[in-house]
Amino acid sequence: DAGVIQSPRHEVTEMGQEVTLRCKPISGHNSLFWYRQTMMRGLELLIYFNNNVPIDDSGMPEDRFSAKMPNASFSTLKIQPSEPRDSAVYFCASKKTGENTEAFFGQGTRLTVV
Amino acid sequence: AQSVTQLDSQVPVFEEAPVELRCNYSSSVSVYLFWYVQYPNQGLQLLLKYLSGSTLVKGINGFEAEFNKSQTSFHLRKPSVHISDTAEYFCAVSPGGYNKLIFGAGTRLAVHP
Numbered sequence: 014d015a016g017v018i019q020s021p022r023h024e025v026t027e028m029g030q031e032v033t034l035r036c037k038p039i040s041g042h043n044s045l046f047w048y049r050q051t052m053m054r055g056l057e058l059l060i061y062f063n064n065n066v067p068i069d070d071s072g073m074p075e076d077r078f079s080a081k082m083p084n085a086s087f088s089t090l091k092i093q094p095s096e097p098r099d100s101a102v103y104f105c106a107s108k109k110t111g112e113n114t115e116a117f118f119g120q121g122t123r124l125t126v127v
Numbered sequence: 692a693q694s695v696t697q698l699d700s701q702v703p704v705f706e707e708a709p710v711e712l713r714c715n716y717s718s719s720v721s722v723y724l725f726w727y728v729q730y731p732n733q734g735l736q737l738l739l740k741y742l743s744g745s746t747l748v749k750g751i752n753g754f755e756a757e758f759n760k761s762q763t764s765f766h767l768r769k770p771s772v773h774i775s776d777t778a779e780y781f782c783a784v785s786p787g788g789y790n791k792l793i794f795g796a797g798t799r800l801a802v803h804p
């Protein structure tokens, strides 16, 4: 298996622009997570899906952030409009549903908003 | 609510010395425990996990961790570190009945020659 695939690896955009981050989870994994990592706040869970349904989006910072999972093999995290403080590394992770299963992480997308 | 505390933000150590990275958690329910490692510009990968059974868990790259329920701790250890162990290490808990991981702030391990 190729693992969790995220694209793009790097994104530089201007403030106010829309940004879309993409994730392909591991086949057979039915839970998907979006995390944000910054120096100041560490690793934060933004949202997670189970069987394509959003279960907990309490970590989404504000309405500018939205996430979708239209099918079992694809998810997007969108920021519109983007702001410099959104600059971070965004990770997608997937796992088999269950409290005792580990998550597998993608390589991350480094977002810079200028 | 559940939380994870990693007591040291940075741990410098010389090559071939032993190391311990500390992790404490709080939870009102039983938890499953994990340690992940992140090398520069990489995603996180699993080092080891505690689900049940023996409280001493062995993982990859010679790391091990011990679950101590009374002290709510899950410290990570390695008897002799290598330069290649330089990375950031994250402790995480998965609360029983929940399907998500809660991470600590991370500990940066710097191994010096």
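Line by line, the protein sequences give chains A and B. All the letters of the first sequence, read from the start, carry residue numbers 14 to 127 under our numbering. All the letters of the second sequence, read from the start, carry residue numbers 692 to 804 under our numbering. For each residue, glycine too, the CB sits at the ideal point set by N, CA and C.
Residue i versus residue j - alpha carbon distance
| i | j | result |
| --- | --- | --- |
| PHE118/A | ASN715/B | 23 Å |
| LEU792/B | TYR730/B | 19 Å |
| GLY29/A | GLN93/A | 7 Å |
| GLU115/A | SER700/B | 24 Å |
| VAL720/B | THR763/B | 12 Å |
| ALA801/B | THR777/B | 5 Å |
| ASP76/A | GLU96/A | 13 Å |
| LYS769/B | ASN759/B | 17 Å |
| ARG123/A | LEU58/A | 16 Å |
| ASP99/A | SER745/B | 42 Å |
| SER775/B | GLU706/B | 10 Å |
| GLY797/B | GLN733/B | 15 Å |
Proximity test, Cβ basis, 9 Å: residue i and chain B
| i | result |
| --- | --- |
| ALA80/A | no |
| ASP69/A | yes |
| SER88/A | no |
| ALA116/A | yes |
| THR125/A | no |
| ASN65/A | no |
| LEU34/A | no |
| THR51/A | no |
| LEU58/A | yes |
Start-to-end residues for the beta strand (DSSP E) that takes in residue i
| i | result |
| --- | --- |
| TYR716/B | 714-717 |
| ASN759/B | 755-759 |
| ARG123/A | 122-126 |
| MET82/A | 78-84 |
| TYR48/A | 44-51 |
| LEU56/A | 55-63 |
| LYS791/B | From DSSP, LYS791/B is part of no beta strand (DSSP E); its letter is neither H nor E. |
| GLU779/B | 778-786 |
| GLU24/A | 23-26 |
| ILE18/A | 18-20 |
| PRO38/A | Segment: none, PRO38/A is in no beta strand (DSSP E) and carries neither H nor E. |
| ALA801/B | 798-803 |
| VAL728/B | 722-729 |
| VAL772/B | No beta strand (DSSP E) holds VAL772/B; DSSP gives it neither H nor E. |
| ALA106/A | 101-108 |
Sub-9 Å separation of residue i and residue j beta-carbons
| i | j | result |
| --- | --- | --- |
| GLU711/B | HIS773/B | no |
| ASN752/B | TYR61/A | no |
| VAL784/B | GLN697/B | no |
| CYS36/A | SER88/A | yes |
| TRP726/B | LEU739/B | yes |
| PRO786/B | VAL722/B | yes |
Any chain A beta carbon closer than 9 Å to residue i
| i | result |
| --- | --- |
| ALA796/B | yes |
| ASN752/B | no |
| TYR723/B | yes |
| SER785/B | yes |
| LYS760/B | no |
| ASN715/B | no |
| LYS749/B | no |
Original post:
Touch check for the stretch 102-109 of chain A and the stretch 73-87 of chain A: three-plus C-beta pairs under 8 Å?
Top reply: no
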